[in-house]
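Below is one structure, written out as structure tokens; the observations come after it.
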Amino acid sequence: VLPHRTQILYWPDISFISSWLDLTPGKVVVESGTGSGSFSHSIARAIAPTGRLYSYEYHKDRFEKAQLEFKQHKLEDVVVSKHRDVIADGFDVQDTADAVFLDLPAPWDVIAAAKKAMRRDSIGRICCFSPCIEQVQRTALALDRHGFTRICMYECLSRDYSVQRIPLPDISAVFDGGKVKFKQLESLQKNANKRRRLEGADGEAATGNGNGLVDVEASADEDAHYVLTSKCNAAESRGHTSYLTFAVLVPSQQDGAPEGTTAEAAVESASSEQSLKQA
Numbered sequence: 138v139l140p141h142r143t144q145i146l147y148w149p150d151i152s153f154i155s156s157w158l159d160l161t162p163g164k165v166v167v168e169s170g171t172g173s174g175s176f177s178h179s180i181a182r183a184i185a186p187t188g189r190l191y192s193y194e195y196h197k198d199r200f201e202k203a204q205l206e207f208k209q210h211k212l213e214d215v216v217v218s219k220h221r222d223v224i225a226d227g228f229d230v231q232d233t234a235d236a237v238f239l240d241l242p243a244p245w246d247v248i249a250a251a252k253k254a255m256r257r258d259s260i261g262r263i264c265c266f267s268p269c270i271e272q273v274q275r276t277a278l279a280l281d282r283h284g285f286t287r288i289c290m291y292e293c294l295s296r297d298y299s300v301q302r303i304p305l306p307d308i309s310a311v312f313d314g315g316k317v318k319f320k321q322l323e324s325l326q327k328n329a330n331k332r333r334r335l336e337g338a339d340g341e342a343a344t345g346n347g348n349g350l351v352d353v354e355a356s357a358d359e360d361a362h363y364v365l366t367s368k369c370n371a372a373e374s375r376g377h378t379s380y381l382t383f384a385v386l387v388p389s390q391q392d393g394a395p396e397g398t399t400a401e402a403a404v405e406s407a408s409s410e411q412s413l414k415q416a
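Counting from 138, one number per residue, gives the positions in the sequence shown under the numbering used here.
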């Protein structure tokens with residue numbers, strides 16, 4: 138586990154960003170700032186062994202600690218760690234990156250430098266990680282001003298569900314003039330709910346089924362002929378971490394592209410080619 142020197146990204150955000158930026162082996166990525174290096178490690182694993190990550194950090198102490206951790210984790214062949222204030226000085230790589238990731242207080246001040254760092258012969262992708270919606274607004278305006286397209290924002294929220302089995306009666310007896318014993322079923326459900334609460338305290342299902350479901354069938358009486366599998370939202374869910382602002386940069390004239398090719402058409406063409414490669 139990496140030390141948390143700054144706020145880190147968690148797996149819902151990491152997996153979504155990695156997919157949207159199309160991080161695959163051989164890709165070149167520019168990142169700022171490094172912070173605790175949590176996402177840097179994920180990027181390195183995604184683009185290894187032939188890819189390259191240029192990771193920039195303006196805080197000297199965080200830079201030195203992250204650089205040491207990259208070496209300890211044998212990532213020095215993939216990660217190039219640099220101490221640099223990219224807001225003031227920009228990036229020292231140009232026409233290189235397939236993707237750019239910005240985790241900065243003012244990402245809109247770095248969009249121009251990020252554009253210069255991205256390759257001119259292929260479609261580039263960028264993601265900005267911002268905790269406040271006001272940051273998203275200013276970043277989106279800067280992306281649009283510098284020629285980026287498909288600007289969009291996402292928020293990843295993790296939601297837990299509780300799965301339960303609810304006993305249902307056999308109502309066929311009603312057609313023969315009989316009665317359905319709902320009170321017995323209510324008592325059965327209360328016992329099932331009690332076992333569910335005990336499950337969390339004991340660390341395993343009280344009924345011993347081991348699958349995380351309350352097995353009311355095991356103790357159902359003859360009136361519970363059917364069991365409904367249902368789910369309900371947890372009372373509490375993990376909340377907001379940050380907003381993810383994405384955009385695409387398309388070269389004005391691609392090699393081999395006919396005159397008048399639009400940005401949207403170029404993106405669709407690149408997406409189709411990527412799907413064929415994965416297939």
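We put the CB at the ideal spot given by N, CA and C, even for glycine.
Compare the C-alpha of residue i against each of the options and name the closest.
{"i": "aspartate 232", "options": "Pro242, Ser218, Glu292 and Ala254", "result": "Ala254"}
{"i": "valine 118", "options": "Glu271, Arg189, Cys293 and Ile263", "result": "No statement about residue 118 is possible, as the shown extent of the chain runs from 138 to 416 and does not include it."}
{"i": "leucine 294", "options": "Thr276, Ser379, Asp214 and Phe383", "result": "Ser379"}
{"i": "proline 149", "options": "Gln301, Lys331, Val300 and Glu292", "result": "Glu292"}
{"i": "alanine 249", "options": "Gly174, Asp297 and His283", "result": "His283"}
{"i": "histidine 196", "options": "Ser218, Ile260 and Val300", "result": "Ser218"}
Do residue i and residue j have their C-beta atoms closer together than 9 Å?
{"i": "phenylalanine 176", "j": "leucine 205", "result": "no"}
{"i": "serine 156", "j": "leucine 239", "result": "no"}
{"i": "cysteine 264", "j": "leucine 158", "result": "yes"}
Please report the Cβ distance between residue i and residue j, rounded to the nearest whole angstrom; I am assuming they are in contact, meaning their Cβ atoms lie under 8 Å.
{"i": "tyrosine 191", "j": "valine 167", "result": "5 Å"}
{"i": "leucine 160", "j": "alanine 183", "result": "4 Å"}
{"i": "valine 273", "j": "threonine 382", "result": "5 Å"}
{"i": "isoleucine 151", "j": "serine 179", "result": "5 Å"}
Measure the C-alpha to C-alpha separation of residue i and residue j and round it to an integer number of angstroms.
{"i": "cysteine 269", "j": "leucine 278", "result": "15 Å"}
{"i": "aspartate 281", "j": "aspartate 258", "result": "20 Å"}
{"i": "phenylalanine 95", "j": "proline 242", "result": "It is not possible to answer for residue 95, since the shown part of the chain is limited to 138 through 416."}
{"i": "threonine 288", "j": "valine 247", "result": "It should be noted that the sequence gives isoleucine, not threonine, for residue 288. Spanning the two alpha carbons is a distance of roughly 16 Å."}
{"i": "alanine 251", "j": "valine 237", "result": "7 Å"}
{"i": "proline 244", "j": "threonine 366", "result": "47 Å"}
{"i": "valine 387", "j": "aspartate 235", "result": "11 Å"}
{"i": "isoleucine 154", "j": "phenylalanine 312", "result": "58 Å"}
{"i": "aspartate 171", "j": "lysine 202", "result": "Position check: residue 171 holds threonine in this sequence, whereas aspartate was assumed. Whole-angstrom Cα-Cα distance: 10 Å."}
{"i": "lysine 164", "j": "threonine 187", "result": "8 Å"}
{"i": "methionine 290", "j": "alanine 384", "result": "9 Å"}
{"i": "phenylalanine 285", "j": "arginine 262", "result": "9 Å"}
{"i": "proline 162", "j": "alanine 225", "result": "31 Å"}
{"i": "histidine 220", "j": "phenylalanine 200", "result": "6 Å"}
{"i": "tyrosine 193", "j": "alanine 181", "result": "14 Å"}
{"i": "glutamine 209", "j": "glutamine 301", "result": "46 Å"}
{"i": "arginine 256", "j": "alanine 185", "result": "19 Å"}
{"i": "glutamate 271", "j": "aspartate 214", "result": "38 Å"}
{"i": "lysine 331", "j": "aspartate 297", "result": "20 Å"}
{"i": "aspartate 198", "j": "serine 299", "result": "44 Å"}
{"i": "phenylalanine 207", "j": "arginine 275", "result": "33 Å"}
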